[in-house]
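Residue numbers (our numbering): 1384 to 1795.
By construction, the Cβ of each residue, glycine as well, lies at the ideal position given by its N, Cα and C atoms.
Computed from a predicted structure; not experimentally measured.
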């Protein structure tokens, strides 16, 4: 299946560069990866967020068909990984759109924001208000941490991972608050990056819950390495940092747990060379010179795996940076690195067949990671689906909620 020309054209119109600050501090990446090992295991997370975590409503507005409440709470990530969030993002903000008249039960769907979806207007207009009219369903719109008062794209690669950790915990806070307030059933959705984040959040929830990720897939690594968004990545800055700061290659890579594809084992010869360098007390910044010699003599790349002989004498920093990007993205966004949702039959995935933003080639499918989930495919690409297929996203939400009510009528 080809890719959408509209996706490619639209990306060319946008001049925004991603990750202009680089990878982020190595010490921040290490803290994030260590926390990922906790948050990726649902059993370890049961007591991370107290049942009575405080949530505050500070504004209420009445519209023709609904009440709009605005609220806030302190992100649990600030307590668990202090200082990792920028100060502006410590206070999580949300908007709660509640119908004046319920049709059946008191259902609420939490919507997480896609890339560039600042504030609440877009989700409120395109999804929440129509859902009140069509199904009498309330919507809770959670603001992305880095989009609060920050009208810019993510500065560092590490910011995306901090955002993911924050949204997982913040979603738990809101789900528990909604339960305490008597709303039922509850579910989660999101479009594009919002779909990824909603998926991550549901892997951490200890109960069956409807999940409707739209225009997202099993990992964000392909988005930034092979999708059209890879053209917006500031590779010059990333390559420069990767080359200058040896900690990325020497410390961070060791923390990665590769998912989705088998990674060839580091060669025995390469391990022997590393051992010799350590025994000879060769300074880390000189390791690169020895690696270049190894490539020339034996044909290995910077991570100790055999390369094509034609490439042995011209090591590619760009390729190594892409490989590192894939590794860190898979570490923090690959669904196989997180617990499987409690009931995968409540998951309805909506994908665009010709999506150039979210490539599905070369990565594990969601059906492989979450057996029993349903995947619906739309004709066209990412942009056309986002602009013109919101009604199909909403129908998938209704179907998933109906499935939940039939299967768990007494799970209040």
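Could you check which residue in the options has the C-alpha nearest to that of residue i?
{"i": "residue 1430", "options": "1506, 1415, 1463, 1484", "result": "1463"}
{"i": "residue 1408", "options": "1482, 1538, 1519", "result": "1538"}
{"i": "residue 1503", "options": "1452, 1515, 1547, 1517", "result": "1452"}
{"i": "residue 1493", "options": "1580, 1420, 1400", "result": "1580"}
{"i": "residue 1787", "options": "1590, 1713, 1424, 1575", "result": "1590"}
{"i": "residue 1391", "options": "1718, 1735, 1739", "result": "1739"}
{"i": "residue 1514", "options": "1486, 1465, 1470, 1721", "result": "1486"}
{"i": "residue 1627", "options": "1700, 1723, 1558, 1412", "result": "1700"}
{"i": "residue 1481", "options": "1470, 1506, 1496, 1445", "result": "1445"}
{"i": "residue 1742", "options": "1547, 1757, 1764", "result": "1764"}
{"i": "residue 1582", "options": "1483, 1516, 1512, 1725", "result": "1725"}
{"i": "residue 1412", "options": "1465, 1545, 1523, 1746", "result": "1545"}
Work out the CA separation of residue j and residue i for me, nearest whole Å.
{"i": "residue 1731", "j": "residue 1637", "result": "35 Å"}
{"i": "residue 1410", "j": "residue 1625", "result": "14 Å"}
{"i": "residue 1374", "j": "residue 1629", "result": "No statement about residue 1374 is possible, as the shown extent of the chain runs from 1384 to 1795 and does not include it."}
{"i": "residue 1552", "j": "residue 1585", "result": "10 Å"}
{"i": "residue 1762", "j": "residue 1775", "result": "12 Å"}
{"i": "residue 1598", "j": "residue 1574", "result": "6 Å"}
{"i": "residue 1448", "j": "residue 1519", "result": "10 Å"}
{"i": "residue 1719", "j": "residue 1752", "result": "6 Å"}
{"i": "residue 1386", "j": "residue 1760", "result": "14 Å"}
{"i": "residue 1588", "j": "residue 1768", "result": "28 Å"}
{"i": "residue 1771", "j": "residue 1509", "result": "10 Å"}
{"i": "residue 1790", "j": "residue 1572", "result": "19 Å"}
{"i": "residue 1727", "j": "residue 1758", "result": "11 Å"}
Less than 7 Å between C-beta atoms, sequence neighbours within five positions excluded: which residues of the same chain meet that for residue i?
{"i": "residue 1473", "result": "1457, 1458, 1461"}
{"i": "residue 1712", "result": "1602, 1603, 1604, 1607"}
List the DSSP bridge partners of residue i.
{"i": "residue 1492", "result": "1522, 1570"}
{"i": "residue 1449", "result": "1482"}
{"i": "residue 1609", "result": "Answer is none; residue 1609 lacks a bridge partner."}
{"i": "residue 1596", "result": "1573"}
{"i": "residue 1731", "result": "1757"}
Among residues of its own chain, excluding the 5 on either side of residue i, which ones have a beta-carbon nearer than 6 Å to its beta-carbon?
{"i": "residue 1618", "result": "none"}
{"i": "residue 1440", "result": "1452, 1454"}
According to the neighbour-count rule (16 or more other Cβ atoms, all chains shown, within 10 Å of its Cβ), is residue i buried or exposed?
{"i": "residue 1550", "result": "buried"}
{"i": "residue 1476", "result": "buried"}
{"i": "residue 1525", "result": "buried"}
{"i": "residue 1691", "result": "Unreliable placement is indicated for residue 1691, whose pLDDT of 47 sits below 50; the coordinate value is still reported in the next sentence. Exposed."}
{"i": "residue 1414", "result": "buried"}
{"i": "residue 1717", "result": "buried"}
{"i": "residue 1734", "result": "buried"}
{"i": "residue 1555", "result": "buried"}
{"i": "residue 1709", "result": "buried"}
{"i": "residue 1421", "result": "exposed"}
{"i": "residue 1437", "result": "exposed"}
{"i": "residue 1435", "result": "exposed"}
{"i": "residue 1558", "result": "buried"}
Using beta carbons (cut-off 9 Å, strictly below), is residue i in contact with chain D?
{"i": "residue 1577", "result": "This model lacks chain D altogether; it includes just one protein chain."}
Looking only at its chain, what residues have a beta carbon closer than 8 Å to the beta carbon of residue i, apart from the 5 residues adjacent to it on each side?
{"i": "residue 1566", "result": "1489, 1490, 1491, 1521"}
{"i": "residue 1783", "result": "1570, 1593, 1594, 1595, 1729, 1730, 1731"}
{"i": "residue 1620", "result": "1402, 1403, 1404, 1405"}
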